[in-house]
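So for the sequence shown, this note's numbering puts the first residue at 26; every next one is plus one.
Every residue, glycine too, gets a C-beta built ideally from N, C-alpha and C.
Below is one structure, written out as structure tokens, with a few remarks after it.
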Amino acid sequence: GFAETEMAEKAAGAGFTGILNLEDVPSGRAVQAIEALTGKCGSLGLKLNGDDDKSVQTAANALTKGISTVILSYAEIDSGIVAGHLKLFRAHNVRLVLEVTSASEALAGEKAGFDIILAKGSESGGNIGETTSFVLLQGLVSVLKTPVWVRGGVGLSTIAACRAGGAKGVLLDSQLYLV
């Protein structure tokens, strides 16, 4: 994760939801980054490692007006921990997104009450599954009622293909550095 807010702010300023990835950022630095987003224009969000309960708690306590989306990722979904995190963030009225690498994780996320499922394909970095984004997307939209976003293997030229495949959104990250 990166605690630099510039890219998220620019995305939000352009009319998109700018996501600040705080997955591996120490709690103190994460709080500073969240506070730096206070009062910024546009839709902003955070990406957090759900397995790091201390960081999740710290981020929830530091949430400010303007943060509209929180993406959580877990190495393994524990329904008790997930329920606690959902309760924390529901108090702030934010859109909750679960990043998944498999259909079983997606179904658990839908059952838990996430607003959006983020299908993370094998083209992505970090913790990934064996399935590519487009194949995962197709499998998820056929079994979920919850909207699905896509991450991995998506660039400015393939967003339309994701939409045609049933995605309600995409997450672009390092691709933006190439434009």
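query, result
"Residue closest to glycine 177, alpha-carbon to alpha-carbon, out of Val81, Lys193, Gly146", "Gly146"
"Simplified DSSP assignment, three categories, for lysine 193", "coil"
"Three-state secondary structure (DSSP) of isoleucine 13", "Nothing in the structure corresponds to residue 13, since the chain is present only between 26 and 204."
"Same chain only: Cβ atoms within 7 Å of glycine 154, ignoring 5 sequence neighbours per side", "Thr126, Ser127, Ser147"
"Under the three-state DSSP convention, the category threonine 42 falls into", "strand"
"Phenylalanine 114 versus alanine 186 - alpha carbon distance", "32 Å"
"Helix, strand or coil at isoleucine 184 [DSSP, three-state]", "helix"
"Nearest-angstrom beta carbon gap, alanine 33 and glycine 43 [assumed within contact, 8 Å]", "3 Å"
"Three-state secondary structure assigned by DSSP to glycine 70", "strand"
"CA-to-CA distance, leucine 123 to leucine 88, given in whole angstroms", "18 Å"
"Top-ranked residue by Cα proximity to tryptophan 174, from Ala192, Thr157, Ser158, Val168", "Ala192"
"Pair within 8 Å by beta-carbon distance, alanine 61 and threonine 30", "yes"
"DSSP-derived helix/strand/coil call for threonine 94", "strand"
"Limits of the unbroken alpha helix (DSSP H) element including glutamate 60", "52-61"
"Reference leucine 197; option with closest CA among Gly190, Leu143, Ala189", "Leu143"
"Sequence-distant residues of the same chain with beta carbon closer than 8 Å to isoleucine 92, five excluded per side", "Ile59, Leu62, Leu69, Gly70, Leu71, His117, Val119"
"Identity of the residue in Ala85, Ala37, Ile96 nearest glycine 67 by Cα", "Ala37"
"Proximity of threonine 171 and phenylalanine 139 at Cβ, strictly below 8 Å", "yes"
"Within 8 Å, strictly: CB atoms of leucine 169 and glutamate 135", "yes"
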